[in-house]
Amino acid sequence: MDMTFFAEMAWKSALIAGAALGLAYALCSRAPGDRALVLRIGVAMLLALPLIASLLPALEIVAFAAAEPPPSFAALPPEVQRAILAAAPAAAPEPTIWDDPTPLVILAYLGGLAMVGSRLLAGLFTLNRWARAAREVTCPEWLAAFDRVRWVAADAEKVRLLVSDDVHSPLSWGWRRPVMLIDPDTLALPEDAE
Numbered sequence: 306m307d308m309t310f311f312a313e314m315a316w317k318s319a320l321i322a323g324a325a326l327g328l329a330y331a332l333c334s335r336a337p338g339d340r341a342l343v344l345r346i347g348v349a350m351l352l353a354l355p356l357i358a359s360l361l362p363a364l365e366i367v368a369f370a371a372a373e374p375p376p377s378f379a380a381l382p383p384e385v386q387r388a389i390l391a392a393a394p395a396a397a398p399e400p401t402i403w404d405d406p407t408p409l410v411i412l413a414y415l416g417g418l419a420m421v422g423s424r425l426l427a428g429l430f431t432l433n434r435w436a437r438a439a440r441e442v443t444c445p446e447w448l449a450a451f452d453r454v455r456w457v458a459a460d461a462e463k464v465r466l467l468v469s470d471d472v473h474s475p476l477s478w479g480w481r482r483p484v485m486l487i488d489p490d491t492l493a494l495p496e497d498a499e
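Converting from the sequence shown to our numbering requires adding 305 to each position, the first position being numbered 1.
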């Protein structure tokens, strides 16, 4: 891999992300699920881009004809050959890391990936801890409103409504065991249950 690969990935990633964000903005009058689907497809395309670029053949586009190659070394007169050999440097310098910065770019990418991944794992751990420490909602107004809207979800019987002292505003999370967490201040307002 060289820097042209990373430059190509950068502009293609920017194009995909811009198109996904633009399309999601254009769909602002549609349901939030539609916009979320567009953004999920955009993220999937971004994640698949390096794999696709490395597995599929590149499309070579020639914009200009190649220049005529210079005459071969053997076709030159012997005096010119000796002069070229005398002027040539004795030995090439040892290659350094700055000649091919690919390992540095890969390390920077992996470092960023580790930072973002660790932040994601810390957030998921915190949400799981909040859900485990939460208690069931017993307010009848909240339970009635929850029962009216919970059947919109695919797995309605798995969705739980809990109250937690750790959250500052209502939130929902979870995939296999979805949870809706509300804070005690919101629970104290049963007229806002709908």
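Here a beta-carbon is modelled for each residue, glycine too, at the ideal position from N, C-alpha and C.
- request: In the DSSP assignment, find the unbroken beta strand (DSSP E) run with Glu359 in it and report its ends.
  value: As a first step, residue 359 is located in the sequence shown; it is residue number 54 there, counting from the start. A small fix is needed here, since residue 359 is Ser in this sequence, not Glu. Segment 337-360 is the alpha helix (DSSP H) holding Ser359; no beta strand (DSSP E) there.
task: Could you tell me whether the Cβ atoms of Ala439 and Leu467 are closer together than 8 Å?
output: Your numbering for residue 439 matches position 134 in the sequence shown. Your numbering for residue 467 matches position 162 in the sequence shown. Cβ atoms of Ala439 and Leu467: closer than 8 Å.
- request: Give, in chain order, every unbroken run of the alpha helix (DSSP H) that is at least 4 residues long and sits entirely within the region 375-447.
  value: 383-392, 407-438
C-alpha distance - Thr401 paired with Met308, whole-angstrom precision: The count along the sequence shown starts at 1 and reaches residue 401 at position 96. The count along the sequence shown starts at 1 and reaches residue 308 at position 3. Approximately 15 Å between the Cα atoms of the pair.
query: To the nearest angstrom, how far is it from the Cα of Ala436 to the Cα of Met350?
result: Position 131 of the sequence shown, counting from 1, holds the residue named residue 436. Position 45 of the sequence shown, counting from 1, holds the residue named residue 350. Rounded to whole angstroms, Ala436 to Met350 spans 32 Å at the Cα level.
- prompt: What number of angstroms, rounded off, separates the C-alpha of Ala325 from the C-alpha of Met314?
  reply: For the purposes of this step, residue 325 is taken as the residue at position 20 of the sequence shown. For the purposes of this step, residue 314 is taken as the residue at position 9 of the sequence shown. If you take the alpha carbons of Ala325 and Met314, they lie about 16 Å apart.
- prompt: What residues in its chain sit with their C-beta under 8 Å from that of Ser474, if we drop five residues either side in the sequence?
  reply: As a working mapping, residue 474 is identified with position 169 in the sequence shown. Cβ neighbours of Ser474 beyond the five flanking positions: Asp488, Thr491.
- prompt: Who are Val484's beta bridge partners in DSSP?
  reply: Here residue 484 refers to the residue found at position 179 of the sequence shown. BP columns for Val484 point to Arg465, Trp478.
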